[in-house]
Amino acid sequence: MSDEINDLVRQRIEKIEQYRQKGINPYPSRYRRTHAAEQAKGEFKENEKPQVSVAGRLRSKRVMGKASFAHLEDQSGTVQLYARRDDMGGESYDLFKSLDLGDIVGIAGFVFKTNQGEISIHVEKLTLLAKCIRPLPSVKEKDGVLFDEFADREMRYRQRYVDLIVTPKTRQDFIMRSRIITGMREFLTHRGYIEVETPMMQAIPGGAAARPFITHHNALDIDLYLRIAPELYLKRLLVGGFEKVFELNRNFRNEGISTRHNPEFTMLELYEAYADYETMMQIAEEMVSELAAKLLGSMKLEYQGSMIDLAPPWQRASFVELIKKYSGIDFASIASVDEARRAAESIGIKAPGKMGKWEIAGEVFEEKVEPNLVQPVFVTDYPRELSPLSKSREDDPDFVERFEIFIAGREMSNAFSELNDPFDQKARFEDQVRKREAGDDEAQMMDYDYINALEYGMPPAGGMGIGIDRLVMLFVDTASIKDTILFPLLRPEGK
RNA sequence: GAGUCGCUAGCUCAGUCGGUAGAGCAACUGCCUUUUAAGCAGUGGGUCCGGAGUUCAAUUCUCCGGCGACUCACCA
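To convert, count from 1 in the first sequence and add 1024; that's this note's numbering.
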């Protein structure tokens, strides 16, 4: 708790003292309410006085002598309160007048309609439930327009609880996030998937190219890594005989923070035995478009000024052809690394010496292709060199059965037919180890136990990962990933 | 990690070509028994992010530092 005291806080603390002297407990243990605010309004009947009790936070107050209006807010919405001295008694009315914006109160009374036509609660009994001693940002609202909106982004992230109180969009966006996640669970469980939990602390961090966080287990005296992906554990479960599994939880990557990156982020990963990357495309299309239809009421949405149509089928285009289309470079007809480097440099893309041909192609893709991929598209057939866990194409082993989904210029998903050949997988790991030894600290580590698992036989399978935070960004039309994470990582405030 | 911008009352923001600051809302006092960004009258409230330097004088100028936003780099 902050020890910062200003006059406004002091005044409210003094009110608490006054309440206590009058025998009013400013923090009572419980209050039984009969209705949520929105529900209470639904009880209105002409010429009747339906009794309700509600509880919530006082968000506005208009005292007009011996009568007052206020708005009470709970999670369901807001309801206006009407308090009259003659109906509740002087002492109780004085308490009402002394309330501050932000106080949490219980209200018992009857539902009626004001002259202005707003269904309200006529207060008969007021109970203080929690005194708010810190002043809230004084956001006001008329016809859905906010005045003096709480705008300090730093404060909104650091004190998300305040942001949630005063910024309706923040509340709505996180409810949307919850619905998306719930919707995904339903979608997958209805298809026979089971949800599993695999280690977040791993001795060998695998399944992605990223720098991990390191932690230490004291009793075993070993270093452990926070997982960068659950992939290798989920595929061990395919070996074990679970045929449809998913995990929807956090990954941790020790990398930069940006509008699109938070060190801990939420990923859906799913794996299905006897399926392949084509199956994953169908699941992605169906799941995302169904969620949009259900939660947004439309498969079209506006994201940062662009109209995006999520209705299936989504466009499909190969990695190589997209690069050719947007950069003019045809990597399929380029034989040497030097030639690839010259081609990239000719369009202003740097290609450091240790990069291979397809890594250079990856750079060109990021630079020239990604920003153009506004409508949903499956980018297919990645080079094997960039895909150490994907199964090679049978007709062209230099490429793999893999796709990434791009929407609004962002990678939303990565999926492939899973590499289940232990010999091939071991060779790919060895290749990664060489890159690692050459200084690529994002190359993957050898995982002999994973190879061991594959040696028992993993059924052919399709798998997919979907970045949840980014998908939520799309659905709630926000430019920063921080607006989809309740408590994004910020540097601690120095004192 | 680099660059740009920002940090002034509880909140949203003005402002000071260097002479220690102002508005609206919020708060306090008074009036007001159907208001709703309520209204009217009055009052209080600030180490102007921190430190150092220049100066008679720094919130303002310079430098260093802190935190944030955005862009870039890394990445999903």
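Glycine included, C-beta positions come from ideal geometry on N, C-alpha and C. Bear in mind the structure is a predicted one, so any value in this text is a computation, not a measurement.
query: Based on the DSSP output, what are the partners of F1134 in its beta bridges?
result: Q1075 and H1146
- prompt: How many Å lie between L1160 and R1426 at the Cα?
  reply: 50 Å
- prompt: Is DSSP giving V1526 helix, strand or coil here?
  reply: Absent from the model: residue 1526. The displayed extent of the chain is 1025 to 1519, so no value can be given.
task: Could you tell me if P1516 is buried or exposed, where buried requires 16 or more neighbouring beta carbons within 10 angstroms of its beta carbon?
output: exposed
query: Based on Cα-Cα distance, which residue from D1300, H1095, P1254 and V1169 lies nearest to I1131?
result: H1095
- request: Give the straight-line distance between the Cα atoms of V1163 and V1190, rounded to the nearest whole angstrom.
  value: 7 Å
task: Give the straight-line distance between the Cα atoms of Q1045 and P1236, rounded to the nearest whole angstrom.
output: 56 Å
query: What is the rounded straight-line gap between the Cα of M1305 and the Cα of R1417?
result: 16 Å
- request: List the residues that DSSP assigns as beta-bridge partners of L1292.
  value: L1272 and I1490
Proximity to P1407 [Cα-Cα], best of V1401, V1393 and F1423: F1423
query: Mind pulling the alpha helix (DSSP H) runs of 4 or more residues that sit fully within the region 1347-1378?
result: 1361-1370
Outcome for T1213 when other beta-carbon atoms lying within 10 angstroms are tallied against a minimum of 16: exposed
- request: Measure the alpha-carbon distance for A1064 versus N1139 and round it to whole angstroms.
  value: 18 Å
- prompt: Looking at T1508 and F1198, is the spacing between their C-beta atoms short of 9 Å?
  reply: yes
- request: Just the C-alpha distance for K1193 and N1444, rounded to the nearest angstrom, thanks.
  value: 45 Å
message: Relative to the C-alpha of E1067, which candidate in V1103, K1415 and V1269 has its C-alpha closest?
response: V1103
- prompt: From which residue to which residue does the alpha helix (DSSP H) around M1112 run?
  reply: R1109 to M1112
- request: Compare the C-alpha of Y1117 against each of I1128, M1088, G1101 and F1134 and name the closest.
  value: M1088
- request: Using beta-carbon positions only, say whether K1577 and I1143 come within less than 9 Å of one another.
  value: Because the chain in this structure spans residues 1025 to 1519, residue 1577 falls outside the shown range and cannot be described.
- request: Leaving aside the five residues before and after R1460 along the sequence, list all residues of the same chain whose C-beta is less than 6 Å from its C-beta, in chain order.
  value: A1467
field: 8 Å CB neighbourhood of P1052 in its chain, flanking five on each side removed
entry: T1151, L1152 and L1153
message: Under DSSP, the beta strand (DSSP E) around K1403 begins and ends at which residues?
response: The sequence given here has Val at residue 1403, not Lys. Start and end: V1401 to T1404.
- request: Count the CB pairs spanning the region 1320-1327 and the region 1482-1499 that are closer than 8 Å, and state whether there are at least three.
  value: yes
- request: Report the rounded CA-to-CA distance for V1129 versus P1512, giving the unit in angstroms.
  value: 30 Å
message: Between which residues of its own chain and L1123 is the CB-CB distance below 6 Å, once the five residues before and five after are set aside?
response: L1082
- request: Report buried or exposed for G1386, applying the criterion of at least 16 other Cβ atoms within 10 angstroms of its Cβ.
  value: buried
query: The beta strand (DSSP E) spanning T1239 covers which residue range?
result: I1238 to H1241
- prompt: Leaving out five residues before and five after R977 in sequence, what residues of the same chain have Cβ atoms less than 8 Å from its Cβ?
  reply: Absent from the model: residue 977. The displayed extent of the chain is 1025 to 1519, so no value can be given.
field: Cβ neighbour criterion (16 or more within 10 Å) applied to F1558
entry: Not covered by the structure: residue 1558. The range shown for the chain is 1025 to 1519.
task: Count the other CB atoms, across all protein chains shown, that sit within 10 Å of the CB of N1275; report buried if there are 16 or more and exposed otherwise.
output: buried
field: Coil, strand or helix - E1428 by DSSP
entry: strand
- prompt: Apart from the five residues just before and just after G1487, which ones in its own chain have a Cβ nearer than 6 Å to its Cβ?
  reply: Y1295 and E1442
task: Kindly indicate which three-state DSSP category T1213 falls into: helix, strand or coil?
output: helix
- prompt: Can you name the residues that DSSP bridges to S1282?
  reply: H1285
message: Taking the beta carbon of I1157 as the centre, do at least 16 other beta carbons fall within 10 Å, making it buried, or is it exposed?
response: buried
query: Does the Cβ-Cβ distance between L1397 and G1433 come in under 9 Å?
result: yes
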